Each structure stands twice: as C-alpha cells, then as structure tokens.
Amino acid sequence: RKEVEQDPGPFNVPEGATVAFNCTYSNSASQSFFWYRQDCRKEPKLLMSVYSSGNEDGRFTAQLNRASQYISLLIRDSKLSDSATYLCVVTAGGYNKLIFGAGTRLAVHP
Amino acid sequence: DGGITQSPKYLFRKEGQNVTLSCEQNLNHDAMYWYRQDPGQGLRLIYYSQIVNDFQKGDIAEGYSVSREKKESFPLTVTSAQKNPTAFYLCASRLDRAQPQHFGDGTRLSIL
Chain A
11 RKEVEQDPGP
21 FNVPEGATVA
31 FNCTYSNSAS
41 QSFFWYRQDC
51 RKEPKLLMSV
61 YSSGNEDGRF
71 TAQLNRASQY
81 ISLLIRDSKL
91 SDSATYLCVV
101 TAGGYNKLIF
111 GAGTRLAVHP
Chain B
3 DGGITQSPKY
13 LFRKEGQNVT
23 LSCEQNLNHD
33 AMYWYRQDPG
43 QGLRLIYYSQ
53 IVNDFQKGDI
63 AEGYSVSREK
73 KESFPLTVTS
83 AQKNPTAFYL
93 CASRLDRAQP
103 QHFGDGTRLS
113 IL
C-alpha cells in the first residue's frame with residue numbers, strides 16, 4: 011500500500027462546479043498535512059495547510075479525518091485557472107520527511 | 003526577494019558524465035531537500051539536509067551525491083552510476099517541521 015494515495019483523475023468539471031478530492035495516508039503518526047497545486051511542467055506550490063478542525067481559504071476548504079486517515083479538498087465555484095494537479099502531502103514518522111501523493115488532475119472547462 | 007533558485011533550468015548529460023544541479027536559498031531555512039519527479043508520478047525524495055554539514059539519504063539516493071557546506075546552498079550531483087537520470091529535479095526548503103516546504107522552479111535533466 012502506498013503511504014499517500016490519491017485518485018489520479020482526471021476530474022473534468024464545468025466552470026462554476028464544486029469538486030472534491032480525497033487523499034488517504036497510511037502513517038497514523040503523521041502530524042502535518044498540506045495541499046499543493048502543481049501546474050504542468052512547473053514546481054509544486056503550497057495551496058493550503060490542513061488543520062485538525064478543518065479550514066477554509068476563499069473557495070477552498072480542507073478537512074482532516076484522523077480516525078479514518080484521510081484528508082479532503084473541496085473547491086467551490088471552479089475557475090478555468092483551477093486546472094492543475096493537486097498534491098496531497100503528509101509528514102512521515104521522522105522529523106523532516108514529507109510524503110507526496112502522485113496527485114489528482116483537475117480540468118475545468120468552459 | 004526571498005526564494006529558492008535552481009540552475010540551470012535545462013541540463014543535458016552525456017553518457018558517463020557527472021553533472022551538478024545548483025540550489026540556493028535566501029530564506030534562512032535550515033532544512034533543504036532534493037526530489038525527483040518522473041512523468042505522471044509523485045515526488046520522490048533523493049536527499050535531505052537538516053543543518054549545515056549534515057545530510058541524509060532519502061528513498062532513492064543511489065547514483066546521487068550532495069553536500070551542505072553552507073546554509074544557503076545544497077547542490078546535487080547526478081553521477082554516472084545513475085542509469086536513468088532523465089527527470090524533473092526539484093529542490094525545496096523549509097523553516098521547521100511544522101512548516102510546509104517551498105520549492106525552486108526545478109531543473110529538467112535529459113540524456114544526450
């Protein structure tokens with residue numbers, strides 16, 4: 011089993027749609043969680059950290075479920091510019107390691 | 003502007019050649035990382051360094067070497083022992099364990 015698993019997609023949605031991605035992780039000792047966005051042939055960029063109580067940043071909402079070991083990302087009112095690959099990232103048991111999921115591809119169309 | 007600078011953007015390696023990828027940061031971050039990304043795959047950790055003069059192997063260190071002589075710099079050498087070096091190489095740094103990593107804009111390495 012992979013340490014971080016994501017549905018690769020692609021998720022093809024029209025503008026204005028709401029879309030949700032899930033990510034599961036295997037290490038119950040993981041403490042920090044993040045969502046990154048990666049555009050084609052570019053470096054990953056931090057989208058948002060994920061907090062235990064859930065958190066929102068504009069159209070983006072992240073949730074953490076420690077009991078089931080998954081995190082989610084909800085995007086409301088999708089824009090064309092949201093088209094990208096979304097990477098789920100969790101800390102490994104050790105001090106400084108982050109484990110990246112392979113990403114979920116989102117394509118927003120007019 | 004604070005950030006992470008990787009160079010070159012594109013690099014070509016001949017058979018049997020070692021090449022060095024540069025990574026410099028002016029964010030005053032202690033921890034630095036090197037990842038490799040292959041098409042359609044996630045990032046895989048090559049090496050990381052928590053502090054100057056110290057570094058640890060990641061998951062795929064074979065065929066690579068690093069040094070950390072200065073806080074700002076963490077160069078990666080892809081040696082001739084790395085038989086499949088073609089990939090997108092990403093350098094990252096972060097302030098501490100609670101913080102996310104920030105990435106440079108990457109180096110694309112190909113074999114001639």
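Residue numbers (this note's numbering), protein chains in the order written: chain A, 11 to 120; chain B, 3 to 114.
C-beta: ideal position from N, C-alpha, C; glycine also.
Computed from a predicted structure; not experimentally measured.
Alpha carbon to alpha carbon, how far is residue i from residue j?
| i | j | result |
| --- | --- | --- |
| B/Arg110 | A/Ser36 | 31 Å |
| A/Asn65 | A/Leu83 | 10 Å |
| B/Asp98 | B/Ala33 | 7 Å |
| A/Arg51 | B/Ser51 | 25 Å |
| A/Val29 | B/His104 | 26 Å |
| A/Ala27 | B/Asn20 | 49 Å |
| B/Lys59 | A/Ser63 | 34 Å |
| B/Thr79 | A/Glu25 | 44 Å |
| A/Phe21 | B/Val54 | 43 Å |
| B/Leu29 | B/Arg96 | 8 Å |
| B/Asp56 | A/Pro120 | 50 Å |
| A/Asp49 | B/Gly18 | 33 Å |
| B/Gln8 | A/Ile85 | 31 Å |
| B/Gln43 | B/Glu71 | 31 Å |
| A/Glu13 | A/Ser88 | 29 Å |
| B/Leu13 | B/Ser112 | 6 Å |
| B/Gln84 | B/Leu45 | 17 Å |
| B/Leu114 | B/Ala63 | 22 Å |
| B/Pro102 | A/Ser59 | 8 Å |
| B/Pro115 | A/Glu53 | In the structure as shown, chain B starts at 3 and stops at 114, and residue 115 of chain B therefore has no counterpart that could be examined. |
| B/Gln27 | A/Phe44 | 22 Å |
| B/Ala94 | B/Leu23 | 13 Å |
| A/Ser91 | B/Ile48 | 31 Å |
| B/Gly106 | A/Ser42 | 21 Å |
| B/Arg38 | A/Ala94 | 19 Å |
| A/Ala77 | A/Ala39 | 12 Å |
Would you list the one or two residues that DSSP bridges to residue i?
| i | result |
| --- | --- |
| B/Gln101 | In DSSP, B/Gln101 forms no bridge with anything. |
| B/Arg96 | B/Ala33 |
| A/Leu108 | A/Thr101 |
| B/Ala89 | B/Leu111 |
If you follow the beta strand (DSSP E) that residue i is in, where does it begin and where does it stop?
| i | result |
| --- | --- |
| B/Phe57 | 56-59 |
| A/Lys55 | 54-60 |
| A/Asn22 | 21-24 |
| B/Phe14 | 12-15 |
| A/Glu15 | 14-16 |
| A/Gly117 | Note on identity: in this sequence residue 117 of chain A is Ala, with Gly being the wrong assignment. A/Ala117 -> beta strand (DSSP E) spans 114-119. |
| B/Leu111 | 109-113 |
| B/Gln8 | 6-9 |
Which residues of chain B have a Cβ atom closer than 8 Å to the Cβ of residue i, listed in chain order?
| i | result |
| --- | --- |
| A/Pro54 | Leu45, Leu92, Phe105 |
| A/Leu116 | Within chain B, no residue comes near A/Leu116; the closest Cβ sits about 15 Å away, beyond 8 Å. |
| A/Leu83 | None at all; the shortest Cβ gap to chain B is about 15 Å. |
| A/Ser59 | Pro102 |
Report the neighbours of residue i on chain A: residues whose CB is nearer than 7 Å to its CB, in chain order.
| i | result |
| --- | --- |
| B/Gly108 | Glu53 |
| B/Ala100 | Ser42 |
Quick one: list the residues of chain B neighbouring residue i, beta-carbon separation under 7 Å, in chain order.
| i | result |
| --- | --- |
| A/Ala112 | Gln43, Gly44 |
| A/Leu108 | Gln103 |
Check whether the Cβ of residue i sits closer than 7 Å to any heavy atom of the ligand NAP, and report yes or no.
| i | result |
| --- | --- |
| A/Asp17 | With respect to the ligand NAP, the structure shown offers nothing to examine, as it has no ligands at all. |
Give the interface partners of residue i over in chain B, defined as CB-CB distance under 9 Å, in chain order.
| i | result |
| --- | --- |
| A/Leu74 | Here the premise fails: no neighbours, minimum Cβ distance about 15 Å. |
field: Complete runs of the beta strand (DSSP E) confined to the region 30-99 of chain A [at least 3 residues]
entry: Complete beta strand (DSSP E) runs here, min 3: 43-48, 54-60, 65-67, 70-75, 80-85.
message: At 3 residues or longer, what runs of the beta strand (DSSP E) sit wholly inside the region 21-87 of chain B?
response: Complete beta strand (DSSP E) runs here, min 3: 21-27, 33-39, 45-53, 56-59, 66-68, 78-80.
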